Amino acid sequence: VSLACLFAIFGFIAVFGNCVILLAIAKIPRLRSPSNWLLASLAAADLTVGIIINPIWIARCLVEQKPHSHPFKITIDYLWLQTSAVTTFTLCLVTVDRFIAVTYVFRYGSVVTLPRCQFAAGIVWLLSLLFASARLV
1 VSLACLFAIF GFIAVFGNCV ILLAIAKIPR LRSPSNWLLA SLAAADLTVG
51 IIINPIWIAR CLVEQKPHSH PFKITIDYLW LQTSAVTTFT LCLVTVDRFI
101 AVTYVFRYGS VVTLPRCQFA AGIVWLLSLL FASARLV
């Protein structure tokens, strides 16, 4: 029960904090930069954890454990792997973005554009879906 309470607290914090980030980027035009687009993608992945994965983990902690082949377990494993992959790959994109910003200061604006960041974030989400789906096979 204490683990379920911990997941509930962290889930609430994740939902609240990531909603604030996404709303700020959506409402304030000057925050719609390529770097912040990557931050929004990361916030969306973390919001998914707070809205979907944490409640499932809470339910899993409170009910009896099912066999490893149970659809409940398979679903949570898939979602956890998918959101973890999005988070990891997006952090890699942020690292590349910051590397380009530091290394190519004067060309950063022409190299890192909003459409390129949107495309890269879309590829990250697609690859994470494929990556997580490989576990289902």
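According to UniProt numbering, the sequence shown holds residues 1 to 137 in order. All C-beta atoms in this analysis are idealised placements derived from N, C-alpha and C, irrespective of residue type, glycine included. No experiment lies behind these values; they were computed from the predicted model shown.
Residue j beta carbon less than 9 Å from that of residue i
i	j	result
L23	V86	no
Q118	W57	no
V121	T83	First, the residue type needs correcting, since residue 121 is Ala and not Val in the sequence shown. Result no, Cβ atoms of A121 and T83 do not sit closer than 9 Å.
A132	L79	yes
I76	R60	yes
A14	V49	yes
I21	A8	no
R32	L130	no
V54	F10	The sequence shown places Asn at residue 54, not Val. In contact: N54 and F10 (Cβ atoms closer than 9 Å).
Selected residue, minimal CA-CA separation from residue i, among the options
i	options	result
T88	I74, A4, K73 and D46	D46
L93	I51, F106, V124 and L31	V124
A101	I52, S35, I9 and L81	S35
residue 139	L81, C5, N54 and L126	In this structure the chain extends from 1 to 137, so residue 139 is not present and cannot be described.
F16	R107, G109, R116 and I51	I51
Helix, strand or coil at residue i according to DSSP, with G and I counted as helix
i	result
I28	coil
Y78	helix
F106	coil
S35	helix
T113	coil
V137	coil
V86	helix
Assigned exposure category for residue i - 16 Cβ within 10 Å defines buried
i	result
V63	exposed
L3	exposed
V111	exposed
F12	exposed
I28	exposed
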